[in-house]
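Which chain is which? The protein sequence lines are A and B, in order.
Letter by letter, the first sequence follows residues 1 to 613 of the numbering used here.
Letter by letter, the second sequence follows residues 614 to 1094 of the numbering used here.
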Amino acid sequence: MKRDFMRQRVLLIFVGLVFAALVARLFHIQIVDGSYKQAASNNTLRYEVLYPPRGEVFDRNGEYIIQSKEAYDLMVVPRDVIKGFDTVLLCRIVDVPLPRMRSQLERAAAYSGRRPSVVVPQLSKETKLLLDELRLPGFYTVYRTVRSYPRKIAGNLLGFVGEVDGRDLARDDYYRSGDYIGRTGIEQAYEHYLRGEKGVKINMVDVGGVVQGAWQNGRLDTQAVAGRSLTASIDAGLQAFTEELLAGKVGAVVAIEPSTGEILVMASGPSYDPDEMVGRDRGTNYARLANDNRRPMFNRAVQSHQPPGSTFKVLNALIGLQEGVLKPNYKYECYGGYNSGRVHVGCHDHFSPVDLNQAIMTSCNTYFCHVLRNIMDEPEHGGSASRGGYDHWAEHVRTFGLGRKLDSDFTGEQSGNIYGSDYYNKTYRGSWNSLTVISLAIGQGEILSSPLQMANFASTIANRGHYFIPHVIKSIEGAEMDQKFYEPHHTDVSPEHFEAVIEGMWMAANTEAGTVFGRGYVPGLDICGKTGTAENPHGQDHSVFMGFAPRNDPRIAVYVYIENGGFGASTAVPIGSLVIEKYLTGATTRPDRVDYVKARKINYPNYDNRPAI
Amino acid sequence: MMMARAKHSSVLHGKVDWWTITIALVLMALGWVNLYAAVYDETRTAFEFSSQYGMQLIWIGISLAMALVVMLVDDKYYHILAWPIYIVVLMLMLSTLVFGITVNGAKAWLDFGPVRLQPAEFMKWGVALALARAMSVFGFSVSHPRDLFRVALIVGLPVGVMFLQHDVGSAVVFASFLFMLYREGLNRWIYIVLGVVMVLFFGSFWITDTGLVMLIVGGCAVGFGFTYRTWRAPIVYLASVALVSVAVWACVTLLAGVGWRYYYFLLATVGVSLPVCVALAYAKRMRGFWVFVLLLVGSMVFVSTTEVVFESLDLHQQKRILNTLGVESDPSHWGYNVNQSKIAIGSGGVLGKGYLEGTQTKFNFVPEQSTDFIFCTVGEEWGFVGSVVVLMLFCALIMRLVAMGERQQEAFGRIYCYSVAGVFLLHVLINAGMTIGLVPVIGIPLPFFSYGGSSFLAFTLLLVVAVRLDLGSGDLAASRE
């Protein structure tokens, strides 16, 4: 009996051990090891991204310049596709050649049998409805928005969106593969506001990947928040008009409202229709534009820089007045140019001698050579350019926003160039003087500036000594603009000195002897202007115009730079004056001038004769 | 006398083991509620009798009716009916070989129009009764070879048929009668050898052959130490074997410069040491020493043949064993079921996801979730707490059966109760164990939880007859007062 008792005990202990082992194992996988919970959510939870519509952009008059249109991506889940479905019919509906459809489907199948892939992106609503009717198993459409540029203007200014690349993904975890991001222009600069916030819908799926309902009744789901809409300072009508005038020419036009720094026009020629960068032909269009010798995707208004030419004389005059080495009534004689030692700076034919106003009006080179030398050789600043005179001058120039980036809201701004004296010390081994840099007197030589900087300079003159940082966006829906755009930046030339040079610029545009008058005079508008003819060693000179109007209470400041355009008066002046007139009066009174500009054919051998890239 | 007997054997007598009945009813109720969750489909909320939970409800009704019938039959009839039941069920099983239909690769089902029966499920009941009948005969002894052969025949016949049916899972269940046989005095060496065989079989996948030899020799030495209550001799033996084998191996490797494996030196040293040990034991008149020599040699031979045994298994059986042991892991193919099952249970956490909220089972990630892997739904929806409650109920049921067996006046009732306890224990161990990766996957049901009428009815009959036999003995005790 005792043996039986022992055996009974052993069996009970065995039973106990079996259940202890089961409970211990349960304890381990249910409580100690958390990895099973993660594995369970990986099994059942699918995160569906809800895409927000991208923010839209209006011009200063409330007209759409960038719109978000609804579009649909055709998706496929390869393993749900029924073999032998009517591929040809599908191809006809979505308008894709059969071989391409086949390769797309193969690629999707290679990626994953269970996860959806995009087959054809950006289909219209009509196509989507046709597809819905067809009800092909394994295919479905998802809502996306696609960009549309209704005015078809300002390609470089508005920019375009493109699919994100590896660098974008690494830099910002907002983006997922296949997302779109602003690549250039406003689309890039204001990406953060335009993109909105993506929503997420967490679905539960069964073992076959079929959605079975919302996770936790959608409590953790988030809605997509649409991107903010922007109001641009651009005047779409004026921009379109300017682009018409620029057609066939290489150059840039920038117009600014002086009292605010708002950019009214930013045109770069040649340009392109921004709608070309949307949709299915985007790839071919992009390749064509990228291979164009005239580089239409290069935004010359901010990304190019050149010697400003004679328009820069105005700045030398202002510095001279501020330094006291120039008075408006100072007269210099000019007989075909400026001569000092072995240096000769030629000048065109005009009356002599001239005072300051007349010098600006006639754009006399000799006069400004005297002015520059007087500034640089001033005794109180070392008495010589190389001993401080130059740096003192450059200091003044920089307060006008030249030689550095203006810090606008625009990306890809070119900083231009104003050297420090160290450059000349190095180049001439210390032995140089104001005569060495005499080209600076007439805006030639080492000085480089972008059209945006020069338009800002025009705006500064119009404001009599201060400017607001130029910007293309006026306001953001539901957000503050950066305060920096509302702060005036003062130059270190006193306001009272401006009236003298403005008088000269007014005379240039309103008296018959003036350089602007011939093709730039508009009665009653009080345009103040200055021509420029930038020397071009490679061909025709570049045609430049800088101006603003009206003289008192200026509302627009313009800078025009036309490559190979010849004299300032021949191309840049009519364009500039037409833009000013159109903006101030809403129309142009001189159809012959418009026709003249449009008919003016300029050859660009240095672009067009280059072998294709 | 007849009057008194009729009165006392009534179910209303009051000596029914209500604990067992209650536990069983609770398990049945939980089982059905859980089955409902396992096949639950949100899109079809109306109650349908054609669904699995509807069918199961019908089977529960049939089983409870049968239970009532069982309780009303006098306990003496089970002595008489034991052989007929055994033979009838065996015949049914044999008929499946001819008329049976194949489900999941096993030709083990009989089709009666609306109902399908799996006779193998009832065979456990038949064998339990037959064993109780055969072993309660006066003069029966499990130590006697002839009697042991009878037991082997009773168990072996249905097992043989199951192998013919390719239903290995059901055949494994018959190992559960070892539980009862131990109580009835089967030689404990059989259990020791079986234990050693299993340890060595599974151990051979984990440890190297050198380690296995060390384990065997060490195990024998420890066993020797326990048996003779002396530790000097085994320690001296182990130390000298280790010293000699390492020294010879080092010498050969360093001096002769031959890179033979240490394994061969260890094997040779053990081989040489055996005659020496036998001679010493003989001199000291240790009569039981041959057992250890046999164990050692047997283990060595077994280990060298495990490869052969393993290779003889089906591929899916091999893979299930390797997966459970963690030797191989391929959650997408062979290990898919167990991996998904562990995910379902593991994600349940402490308190579970709540009734009908189990995502892994609801969305069909776990295969066979209403039958073999029904425990996943318990683990996922009721969590650790719920799983432990269910396991503890089974544990209590088994303990109750053991207690009932012990208080029987007759060997028949004791043997039967222990048989039932063993069957329940093995089912719970294997079924729950495989869902949590403790035991290789063997497709057998969890009593009262898995979907299936045959098994539900069979488990009910197994249990209720035990209760009825227990009542009969209570009757005797009462009449003696």
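Backbone N, C-alpha and C fix where the C-beta goes; we use that ideal spot for every residue, glycine too.
Notebook entry, point to check: Along chain A, in chain order, which residues have C-beta atoms closer than 8 Å to that of B/Met1012?
Noted result: By 1-based counting over the second sequence, the position of residue 1012 of chain B is 399. Going along chain A in sequence order, the residues near B/Met1012 (Cβ under 8 Å) are Leu12 and Val15.
Item checked: Where A/Asp206 meets chain B, residues with beta-carbon distance less than 7 Å -> By 1-based counting over the first sequence, the position of residue 206 of chain A is 206. Neighbours of A/Asp206 in chain B, taken as residues at a C-beta separation under 7 Å, are given in chain order as Phe976 and Asn977.
Next item on the list: Measure the CB-CB distance between A/Gly320 and A/Val371 and report whether it falls below 7 Å.
Entry: By 1-based counting over the first sequence, the position of residue 320 of chain A is 320. By 1-based counting over the first sequence, the position of residue 371 of chain A is 371. Yes.
Check: Is the Cβ of B/Leu1042 closer than 7 Å to any Cβ of chain A?
Finding: Position 429 of the second sequence, counted from the start, is the residue given in the question as residue 1042 of chain B. Under the 7 Å criterion on CB atoms, B/Leu1042 is classed as interfacial with respect to chain A.
Next item on the list: Name the residue from B/Ile829, B/Gly870, B/Thr823 and B/Ala784 whose alpha carbon lies nearest to the alpha carbon of B/Val806.
Entry: Working through the second sequence from its first residue, we reach residue 806 of chain B at position 193. The shortest Cα separation from B/Val806 among B/Ile829, B/Gly870, B/Thr823 and B/Ala784 belongs to B/Ile829.
Next item on the list: Could you work out which residues of chain D lie near B/Gln973, taking near to mean beta carbons separated by less than 8 Å?
Entry: Absent here is chain D; the protein component of the structure consists of chains A and B.
Check: Between the C-alpha atoms of B/Tyr699 and B/Gly967, what's the straight-line distance to the nearest angstrom?
Finding: For the purposes of this step, residue 699 of chain B is taken as residue 86 along the second sequence, with counting starting at 1. For the purposes of this step, residue 967 of chain B is taken as residue 354 along the second sequence, with counting starting at 1. Between the alpha carbons of B/Tyr699 and B/Gly967 lies a distance of about 43 Å.
Notebook entry, point to check: Which same chain residues, not among the five before or five after B/Pro847, have their C-beta less than 6 Å away from its C-beta?
Noted result: As a working mapping, residue 847 of chain B is identified with position 234 in the second sequence. Contacts found: Ala834, Phe837 and Gly838.
Check: Counting along the chain, where does the beta strand (DSSP E) carrying A/Asn66 start and finish?
Finding: In the first sequence, the residue the question calls residue 66 of chain A occupies position 66. According to the sequence provided, residue 66 of chain A is Ile. The question's Asn does not apply to it. A/Ile66 -> beta strand (DSSP E) spans Tyr64 to Val76.
Item checked: Test: B/Cys1008 CB closer than 7 Å to a CB of chain A -> Your numbering for residue 1008 of chain B matches position 395 in the second sequence. Residue contact check for B/Cys1008 against chain A: a CB pair falls below 7 Å.
Check: Starting from B/Cys833 and walking both ways along the beta strand (DSSP E), at which residues does that stretch end?
Finding: The sequence position of residue 833 of chain B within the second sequence is 220, counting from 1. Not the beta strand (DSSP E): B/Cys833 falls in the alpha helix (DSSP H), residues Asp822 to Tyr841.
Item checked: Host beta strand (DSSP E) of A/Ala267 (start-end) -> Here residue 267 of chain A refers to the residue found at position 267 when the first sequence is read from its first residue. Here the beta strand (DSSP E) through A/Ala267 covers Glu262 to Gly269.
Next item on the list: Return the CA-CA distance between B/Val854 and B/Thr882, expressed in angstroms with no decimal places.
Entry: Taking the second sequence and counting its residues from 1, the one referred to as residue 854 of chain B is at position 241. Taking the second sequence and counting its residues from 1, the one referred to as residue 882 of chain B is at position 269. B/Val854 and B/Thr882: Cα-Cα distance of roughly 6 Å.
Check: What does a CB cutoff of less than 7 Å around A/Asp273 pick up in its chain, not counting 5 residues either side in sequence?
Finding: The residue you call residue 273 of chain A lines up with position 273 of the first sequence. The beta carbon of A/Asp273 is closer than 7 Å to those of Lys152 and Gly155 in its chain, skipping five residues each way along the sequence.
Check: How should B/Val922 be labelled, buried or exposed, when 16 other C-beta atoms within 10 angstroms of its C-beta is the threshold for buried?
Finding: In the second sequence, counting from the first residue as 1, residue 922 of chain B sits at position 309. Counting Cβ neighbours within 10 Å, B/Val922 comes out exposed, since fewer than 16 surround it.
Next item on the list: Would you tell me roughly how many angstroms separate the C-alpha atoms of A/Ser434 and A/Ala572, rounded to the nearest one?
Entry: Here the question's residue 434 of chain A lines up with position 434 in the first sequence. Here the question's residue 572 of chain A lines up with position 572 in the first sequence. Approximately 31 Å between the Cα atoms of the pair.
Check: Using 8 Å as the Cβ pair cut-off and three pairs as the minimum, do the region 1005-1012 of chain B and the region 972-984 of chain B touch?
Finding: No: the two stretches stay apart, fewer than three of their Cβ pairs being nearer than 8 Å.
Next item on the list: Taking only beta-carbon positions, decide if B/Ala1091 is within less than 7 Å of chain A.
Entry: Here the question's residue 1091 of chain B lines up with position 478 in the second sequence. A caution first: B/Ala1091 carries a pLDDT of 49, below 50, which makes its placement in the model too unreliable to give a value.
Margin query: DSSP three-state label for A/Asn603, please.
Written below: Here residue 603 of chain A refers to the residue found at position 603 when the first sequence is read from its first residue. DSSP, reduced to helix, strand and coil, places A/Asn603 outside both helices and strands of the structure shown, so it counts as coil.
Next item on the list: Would you please verify whether the beta carbon of B/Lys955 is less than 7 Å from any beta carbon of chain A?
Entry: Within the second sequence, the letter at position 342 stands for residue 955 of chain B. With 7 Å as the cut-off, B/Lys955 counts as an interface residue toward chain A.
Note to self: What ranges does the alpha helix (DSSP H) occupy inside the region 280-359 of chain A, keeping only unbroken runs of at least 4 residues that lie completely in it?
What the structure shows: Whole alpha helix (DSSP H) segments, 4+ residues: 282-291, 300-303 and 313-323.
Note to self: Can you look up A/Thr366 in the DSSP assignment and give me helix, strand or coil?
What the structure shows: Within the first sequence, numbered from 1, the residue matching residue 366 of chain A stands at position 366. Assigned with DSSP and collapsed to three states, A/Thr366 falls in helix.
Notebook entry, point to check: Is there contact between the region 992-1004 of chain B and the region 24-42 of chain A, where contact requires at least three CB pairs shorter than 8 Å?
Noted result: Result yes; three or more Cβ-Cβ pairs closer than 8 Å.
Next item on the list: Could you spell out the range, first to last residue, of the alpha helix (DSSP H) harbouring B/Trp672?
Entry: Your numbering for residue 672 of chain B matches position 59 in the second sequence. Here the alpha helix (DSSP H) through B/Trp672 covers Gln665 to Leu685.
Next item on the list: Could you check what DSSP says for B/Asp724 in three-state terms: helix, strand or coil?
Entry: Taking the second sequence and counting its residues from 1, one reaches residue 724 of chain B at position 111. In the three-state DSSP reduction, B/Asp724 falls in the strand class (E or B).
Check: Is the distance from the Cβ of A/Ile234 to the Cβ of A/Pro470 below 7 Å?
Finding: If you number the first sequence from 1, residue 234 of chain A lands on position 234. If you number the first sequence from 1, residue 470 of chain A lands on position 470. No, they are not a contact pair.
Note to self: Please report the straight-line C-alpha distance between A/Ile93 and A/Leu130, rounded to a whole angstrom.
What the structure shows: For this step, residue 93 of chain A is matched to residue 93 along the first sequence. For this step, residue 130 of chain A is matched to residue 130 along the first sequence. Taking the straight line from one Cα to the other gives about 7 Å.
Item checked: Contact between the region 513-526 of chain A and the region 294-309 of chain A (3+ Cβ pairs under 8 Å) -> With a cut-off of 8 Å on Cβ pairs, the region 513-526 of chain A is not in contact with the region 294-309 of chain A, counting fewer than three such pairs.
Margin query: Against chain A, does B/Gly959 count as a neighbour if the rule is that its beta carbon must be under 7 Å from one of theirs?
Written below: Stepping through the second sequence from its first residue, residue 959 of chain B is reached at position 346. Yes - at least one Cβ of chain A is within 7 Å of the one on B/Gly959.
Note to self: To the nearest angstrom, how far is the alpha carbon of B/Leu970 from that of B/Tyr690?
What the structure shows: Along the second sequence, read from residue 1 onward, the residue named residue 970 of chain B stands at position 357. Along the second sequence, read from residue 1 onward, the residue named residue 690 of chain B stands at position 77. Looking at the sequence provided, one finds Glu at residue 970 of chain B rather than Leu. It is roughly 48 Å from the alpha-carbon of B/Glu970 to the alpha-carbon of B/Tyr690.
Check: If you draw a straight line from the C-alpha of B/Ile767 to the C-alpha of B/Ile675, how long is it?
Finding: Counting from 1 along the second sequence, the entry for residue 767 of chain B is found at position 154. Counting from 1 along the second sequence, the entry for residue 675 of chain B is found at position 62. Their Cα atoms are separated by approximately 29 Å.
Checklist line | When B/Ile1049, B/Ala637 and B/Gly832 are compared against B/Asn936, the one with the closest alpha-carbon | finding: Here the question's residue 936 of chain B lines up with position 323 in the second sequence. The shortest C-alpha to C-alpha distance from B/Asn936 to any of B/Ile1049, B/Ala637 and B/Gly832 is the one to B/Ile1049.
Checklist line | Three-state secondary structure assigned by DSSP to B/Lys628 | finding: The residue you call residue 628 of chain B lines up with position 15 of the second sequence. B/Lys628: coil per DSSP, three-state reduction.
Checklist line | A/Tyr467 in three-state terms, based on DSSP | finding: Taking the first residue of the first sequence as 1, we reach residue 467 of chain A at position 467. A/Tyr467: strand per DSSP, three-state reduction.
Check: Within 7 Å (strictly less), CB to CB, does B/Val906 reach chain A?
Finding: Walking along the second sequence from the start, residue 906 of chain B turns up at place 293. With 7 Å as the cut-off, B/Val906 does not count as an interface residue toward chain A.
Next item on the list: Could you please give me the residues that DSSP links to B/Arg729 through a beta bridge?
Entry: Here residue 729 of chain B refers to the residue found at position 116 of the second sequence. Paired residue(s): B/Asp724.
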